[in-house]
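Notes to accompany the following structure.
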Amino acid sequence: MGAISASAPAQAPIAASRWARRWLPWMLLAPVLVYLAVFYLVPLAIVIVSSVTDPSPSLSHYRDFFTDSFYLRVLSRTFATSLIVTICCLVLAYPLAYAMARREDTLVVAMLTVVALTFWTSFLVRTYAWMVILGNRGPITALFRMVGWDPPPEILFTRFSSTLAMVHILLPFMVMALYSVMKKIDPALLRAAQNLGASPGRTFRHVYFPLSAPGVVNGCTMVFILCLGFYVTPVLLGSPREQMLAGLIGSQIEELLDFGEASAMAVVLLLVTLGLVALYNRFVGIDTLWG
Amino acid sequence: MTAQRRIDPLTWLILAFIAAPLLIVVPMSFSTAPSLEFPPPAWGFNYYRAFFSDSRWLQPLLNSFIIALGAAALTMLLVIPASFAMVRHRFHGRALTNLMLLLPLMAPHIVIALGYYSYFGSLHLTQTYAGVILAHTCLSVPMVFLTLSAALKGFDRNLERAGANLGASPLRVFRHVTFPVLRPAFVVAALFAFVQSFDETVVALFISGRDAATLPRKIFDAMRTEADPVVAVVSTLLLAAVIAGVIGSRLWQRRRKRVNALAFAMQ
Amino acid sequence: MTTAADSNAQPQGAHYLDIVDAVKTYDGVRRAVDGVSLAIPKGEFVTFLGPSGSGKTTTLMMIAGFEEPSAGDIRLDGRSLVSIAPHRRNIGMVFQNYALFPHMTAADNVAFPLRMRGVERAGQQRRAAAALDTVGLASMANRHPRELSGGQQQRVALARALVFEPDVLLLDEPLGALDKNLREQMQVEIRHLHRSLGITTIFVTHDQTEAMTMSDRIAVFNNGRIEQFAPPLEVYARPATQFVGGFVGDSNFLDVVVSDPARGIVGSSTLGELNTAPSALAGGTAARLMVRPESFRIDAGSDAPEGRWNRCSVRIEGSVNYGDSVLVMGRAGEIPIRLRLSGSDAMPLREGDTVRVRWRPEDSSLLAR
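Encoded structure:
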């Protein structure tokens, strides 16, 4: 780059500011990066290292995990449940988001408020609500008794109750993901399709659904990943004999005090999760995952 | 596919499915029975009284407040300069830094909870305010970063240039122009961090306890052992706080719009 | 026939704002500003005119201090500005989207520069009120920008840029967002302000009509360079380059070769020998002849007016009737020609008709190819 032809003293402040400009971003980032390194990366590293060194250096934990049918069942159960929850959320959220996206009036503001309310309520509170509803002295059981099913079936502390509650808890995520994409679909495109001869059904299939696809992918990825690592609800509402991966990790620590084993499972969970995120990033781009 | 006036029953049903279960905790909290019988056989304020007089509930409530405040403050302090750096500067390693800042959001809490259990255990930071605040700060960084980045990206740089052009030094530009315009976003980001810390359960289960036990941890334990309606009381209070917050912000937004429309019409 | 050098001849008087060989390079490769030099006397209204990406806004930003020249200098009243931070340059600027502070009232916006300069509260309020009054917005002082219309915001931005009596006023395409009537009204008001304040003004636009009506002189930008810096009429009638001729106003271009520079005769392969003004180009030079569409007259043949006229036949391919004139598109031989006929010449012409037209040598410009 050419030097500035003005007098020499003018060079000094410009040179100084150039130096500052080069290092300024790093100076601004240093606090948070150092902080994360010390208080996040280190504990993460501890988990990874422990999985192969606790109680003694070996890959035995991983070997156990991938050969023992018990662990493999937990893994497949976790995947299966996550898949079921994701599909149920999609099926329920799509019509709702669709109805909300087509309107502009105060009613839709009310609906969004309701969805926002549930979105902001803690997982624990919503889990407790299901505990009450599905409990053996709750309204569902009462309903069973009323139709003559006595003693009523145990629905709490089963895979069903935990799945149902997870669908309920993760539904707002899916709704918001779908809604934000659907809102941007230009109604003129749909009118154009009909004008060109497509019936409402075909317009949906060939125009609307493809346009809503980014929201579907976004929502499903988010819900699936959240479900894989879900701890609170399956532990509180699920069956203790049919645990999911996060719950199993927890009980390895609490009951068996086997840190190495738990760490190995945690590493597996982490790798699967990060792998999914990486996959999403490769095909879509990570910036869109959180809107 | 024109917009219809009526909403079909399926939509109402789904909306009901989302909202109704929450509502059940409210009447439950007014039950006086010692079990989760619903509908409650008798009504009263028993469990409210029990909650507000029990230090085993009030202490965790206070703890959660203090911890959430601390985590929110620390997160804001760390992330505000970082988001300026990420949005306004181009440099090598930006993509990697972006990944680092979002990592705590991507990894399941149970994984890092394990790490904190061992790490903070050996540092004697478990069951202290400091430990939980330090952990919750990490977990809040991504959300606050995303919120602040979005606000910064939408910020009109010409406002800062105008400030400088009119005679304000860079520091005065930040004080008189950048900060006031970004203040709403700062508030929202801090709120996100606060709520996230207040509600966080998994990590708290592993590293908070005794004197520094958080409210979610206490709720979790209570749900596992007692499952009595006191939890309904806490749930109702939390629900009320969320309702107040969400409806309050909607009303505030509408009030701003109405003021503008009125002023415009009066010209 | 004038050359580029003649067009840039400086009028007498001190050069108040001097841009000396300014260059702005991005990433070491792209030259957004490629050696721009301008000498602007005090009190002149200069327009930077050019298409998007021509470097006019970048040059403006360098004057304001938001871009640093990669080479060259910018001097105000003899002092170099380049090392002075933007907030110390005392230059007024109106941004494209006005950049009014949304969290302050109009009055606070206008008082802001005074506040930054340490003027006491009473003085701030008094001078801000006076500035708002000058632009006719005294009653809107306590409104916030979002409560003001586009035109009103624009005026507040003007008041804010002028309240501290800057040395220079910069305007970055300020009228782009306004509708036609409001734009024309604002053009008049800005000109009026300029004349009453006598402030050196630089106005950036891509709209050539705006440049023509408002400026003392126009600097035509293209690809980071200035192709001509001259008063509007000269830019229009005597464009220095083909780009200027084509960008400002409508024009026809013919490829010619200079035959006799002293007598102003050029040769066209299609139209034969043509008369122009005596030129500075050497004989045998390949050049372009530019004739504006409105320079043509219908040649009835019977009347033979004084002077040397050029004549040709045009085969009509289409026409558009504008009411006060007719734009005729056709061909002279193979060369596409546009004619703008008005008055008695503006008669209905059909596709396929051939019409004979003439134009005067002085109405053409000879440009190097």
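Protein chains in written order, with the working numbering: chain A, 6 to 296; chain B, 874 to 1140; chain C, 7 to 375.
Note that CB positions come from ideal geometry on N, CA and C, so glycine has one too.
If you measure beta-carbon to beta-carbon, which residues of the segment 1048-1067 of chain B are closer than 9 angstroms to chain C?
Taken in chain order, the members of the segment 1048-1067 of chain B whose beta-carbon sits within less than 9 angstroms of a beta-carbon on chain C are 1049, 1050, 1053, 1054, 1056.
Taking 7 angstroms as the limit between beta carbons, can you name the residues of its chain near residue 187 of chain A, skipping five residues before and five after?
Here residue 187 of chain A refers to the residue found at position 182 when the first sequence is read from its first residue. Only 102, 103, 106, 217, 220 meet the Cβ criterion.
Any beta carbon of chain B sitting closer than 9 angstroms to that of residue 171 of chain A?
Along the first sequence, one-based indexing puts residue 171 of chain A at 166. The beta carbon of residue 171 of chain A sits no closer than 9 angstroms to any beta carbon of chain B.
Is residue 369 of chain C helix, strand or coil by DSSP?
Along the third sequence, read from residue 1 onward, the residue named residue 369 of chain C stands at position 363. Looking at residue 369 of chain C - three-state DSSP - the assignment turns out to be helix.
Counting C-beta neighbours from all protein chains within 10 Å, is the total for residue 930 of chain B 16 or more, i.e. buried, or is it exposed?
Within the second sequence, residue 930 of chain B is the residue found at index 57, counting from 1. Answer is buried; the Cβ neighbour count reaches 16.
Would you please state the rounded distance, in angstroms, between the beta carbons of residue 949 of chain B and residue 1063 of chain B? I believe it to be under 8 angstroms.
Walking along the second sequence from the start, residue 949 of chain B turns up at place 76. Walking along the second sequence from the start, residue 1063 of chain B turns up at place 190. The Cβ separation is near 5 angstroms, so the contact holds.
Does residue 276 of chain C pass the burial test, meaning 16 or more other C-beta atoms within 10 Å, or should it be called exposed?
Here the question's residue 276 of chain C lines up with position 270 in the third sequence. In summary, residue 276 of chain C is exposed, with fewer than 16 beta-carbon neighbours lying within 10 Å of its beta-carbon over all protein chains present.
For residue 203 of chain C, which of C:98, C:127, C:49, C:45 has the nearest alpha-carbon?
For the purposes of this step, residue 203 of chain C is taken as residue 197 along the third sequence, with counting starting at 1. Minimum Cα-Cα distance from residue 203 of chain C among the listed residues C:98, C:127, C:49, C:45 corresponds to C:49.
What distance in whole Å lies between the Cβ atoms of residue 1025 of chain B and residue 960 of chain B, which are believed to be in contact at a cut-off of 8 angstroms?
On the second sequence, residue 960 of chain B is found 87 positions in, with the first residue counted as 1. On the second sequence, residue 1025 of chain B is found 152 positions in, with the first residue counted as 1. Sure, about 4 angstroms apart at Cβ, within 8 angstroms.
Looking only at its own chain, which residues have a Cβ that is under 6 angstroms from the Cβ of residue 19 of chain A, when we skip the five neighbours before and after it?
The residue you call residue 19 of chain A lines up with position 14 of the first sequence. Low confidence applies here, because residue 19 of chain A scores a pLDDT of 47, under 50, leaving its location unreliable and the question unanswered by this model.
In chain A, which residues lie with their C-beta within 7 angstroms of the C-beta of residue 984 of chain B?
Stepping through the second sequence from its first residue, residue 984 of chain B is reached at position 111. Here the neighbours are 52, 271, 274, 275.
Pull up the distance between the alpha-carbon of residue 69 of chain A and that of residue 235 of chain A, whole angstroms please.
The count along the first sequence starts at 1 and reaches residue 69 of chain A at position 64. The count along the first sequence starts at 1 and reaches residue 235 of chain A at position 230. Distance between the alpha carbons of residue 69 of chain A and residue 235 of chain A: 23 angstroms.
How many angstroms separate the CA atom of residue 202 of chain A from the CA atom of residue 196 of chain A?
Along the first sequence, one-based indexing puts residue 202 of chain A at 197. Along the first sequence, one-based indexing puts residue 196 of chain A at 191. Take the alpha-carbon of residue 202 of chain A and the one of residue 196 of chain A: they are about 10 angstroms apart.
How is residue 102 of chain C classed by DSSP in three states: helix, strand or coil?
Looking up residue 102 of chain C in the third sequence gives position 96. In the structure shown, residue 102 of chain C falls within a coil segment according to DSSP collapsed to helix, strand and coil.
Does any residue of chain C bring its CB to less than 9 angstroms from the CB of residue 1034 of chain B?
Within the second sequence, numbered from 1, the residue matching residue 1034 of chain B stands at position 161. Interface residue, yes.
Going along the chain, which residues of its own chain have a beta-carbon closer than 8 angstroms to the beta-carbon of residue 118 of chain C, five neighbours each way excluded?
What you label residue 118 of chain C is simply residue 112 of the third sequence in a count that begins at 1. Excluding positions up to five away in sequence, the list reads 107, 110, 166.
Give me, in chain order, the residues of the same chain whose beta-carbon lies closer than 6 angstroms to that of residue 982 of chain B; leave out the 5 immediate sequence neighbours on both sides.
Within the second sequence, numbered from 1, the residue matching residue 982 of chain B stands at position 109. Only 1075, 1076 meet the Cβ criterion.
Classify residue 211 of chain A as buried or exposed, calling it buried when 16 or more other Cβ atoms lie within 10 Å of its own Cβ.
Residue mapping note: residue 211 of chain A aligns to position 206 of the first sequence, counting from 1. That one is exposed.
Buried or exposed, going by whether 16 or more other CB atoms sit within 10 Å of the CB of residue 63 of chain A?
As a first step, residue 63 of chain A must be located in the first sequence, where it is residue number 58. Exposed, because fewer than 16 other Cβ atoms sit within 10 Å of the Cβ of residue 63 of chain A.
Does the beta carbon of residue 989 of chain B sit closer than 9 angstroms to a beta carbon anywhere in chain A?
Within the second sequence, numbered from 1, the residue matching residue 989 of chain B stands at position 116. True, the Cβ-Cβ gap to chain A drops below 9 angstroms.
In whole angstroms, what is the alpha-carbon distance linking residue 14 of chain A and residue 1042 of chain B?
Position 9 of the first sequence, counting from 1, holds the residue named residue 14 of chain A. Position 169 of the second sequence, counting from 1, holds the residue named residue 1042 of chain B. In this predicted model, residue 14 of chain A has a pLDDT of only 36, less than 50, meaning its place in the structure is not dependable enough to derive any value.
Under 9 angstroms from the C-beta of residue 936 of chain B: neighbouring residues of chain C
Indexing the second sequence from 1 puts residue 936 of chain B at position 63. Within chain C, no residue comes near residue 936 of chain B; the closest Cβ sits about 37 angstroms away, beyond 9 angstroms.
Closest Cα partner of residue 132 of chain C within the set C:242, C:285, C:120
Working through the third sequence from its first residue, we reach residue 132 of chain C at position 126. If we check each option's Cα against that of residue 132 of chain C, C:120 comes out closest.
Within chain B, the residues that residue 103 of chain C reaches when beta carbons sit closer than 9 angstroms:
Within the third sequence, numbered from 1, the residue matching residue 103 of chain C stands at position 97. Chain B residues near residue 103 of chain C: 1029, 1031.
Which residues of chain B have a Cβ atom closer than 7 angstroms to the Cβ of residue 151 of chain A, listed in chain order?
For the purposes of this step, residue 151 of chain A is identified with residue 146 of the first sequence, where counting begins at 1. Per Cβ cutoff of 7 angstroms: no residues; residue 151 of chain A is ~13 angstroms from chain B at best.
Shortest alpha-carbon distance to residue 259 of chain A belongs to which of B:1080, B:1117, B:1070, B:1119?
For the purposes of this step, residue 259 of chain A is taken as the residue at position 254 of the first sequence. Ranking B:1080, B:1117, B:1070, B:1119 by Cα distance to residue 259 of chain A puts B:1080 first.
Measuring straight from C-alpha to C-alpha, what distance separates residue 205 of chain C and residue 179 of chain C?
As a working mapping, residue 205 of chain C is identified with position 199 in the third sequence. As a working mapping, residue 179 of chain C is identified with position 173 in the third sequence. Using only the alpha carbons, I get a separation of about 18 angstroms.
Assuming residue 170 of chain A and residue 135 of chain A make a contact with CB atoms under 8 angstroms, what is their CB distance in whole Å?
For the purposes of this step, residue 170 of chain A is identified with residue 165 of the first sequence, where counting begins at 1. For the purposes of this step, residue 135 of chain A is identified with residue 130 of the first sequence, where counting begins at 1. The C-beta distance from residue 170 of chain A to residue 135 of chain A rounds to 4 angstroms, short enough to meet the 8 angstroms contact threshold.
By Cβ distance, which residues of its chain are closer than 7 angstroms to residue 228 of chain A, with the 5 residues on each side in sequence left out?
In the first sequence, counting from the first residue as 1, residue 228 of chain A sits at position 223. Once the five neighbours on either side are set aside, the close Cβ partners of residue 228 of chain A are 90, 91, 94, 175, 178, 179.
Which residues of chain A have a Cβ atom closer than 7 angstroms to the Cβ of residue 1002 of chain B, listed in chain order?
Residue numbering aside, residue 1002 of chain B sits at position 129 when the second sequence is read from its first letter. Proximity of chain A to residue 1002 of chain B at the Cβ level (cut-off 7 angstroms) is not reached, the minimal Cβ distance being about 15 angstroms.
So with Cβ pairs under 9 angstroms, would you call residue 1037 of chain B a contact of chain A?
Position 164 of the second sequence, counted from the first residue, corresponds to residue 1037 of chain B. Taking Cβ atoms only, chain A never reaches closer than 9 angstroms to residue 1037 of chain B, which makes this a no.
For residue 992 of chain B, which residues in chain A fall below 8 angstroms Cβ to Cβ?
Along the second sequence, one-based indexing puts residue 992 of chain B at 119. Near residue 992 of chain B (Cβ distances below 8 angstroms), the residues of chain A are 47, 48, 51.
Which residue comes first and which comes last in the beta strand (DSSP E) that contains residue 233 of chain C?
By one-based count along the third sequence, residue 233 of chain C stands at place 227. Start and end: 231-236.
Straight-line Cα distance separating residue 340 of chain C from residue 296 of chain C
Position 290 of the third sequence holds residue 296 of chain C. Position 334 of the third sequence holds residue 340 of chain C. Rounded to whole angstroms, residue 296 of chain C and residue 340 of chain C show a C-alpha spacing of 16 angstroms.
Any Cβ of chain A within less than 9 angstroms of the Cβ of residue 942 of chain B?
Taking the second sequence and counting its residues from 1, one reaches residue 942 of chain B at position 69. Answer no: the Cβ-Cβ gap between residue 942 of chain B and chain A never drops below 9 angstroms.
Does residue 885 of chain B pass the burial test, meaning 16 or more other C-beta atoms within 10 Å, or should it be called exposed?
Taking the first residue of the second sequence as position 1, residue 885 of chain B is located at position 12. With fewer than 16 other Cβ atoms within 10 Å, it is exposed.
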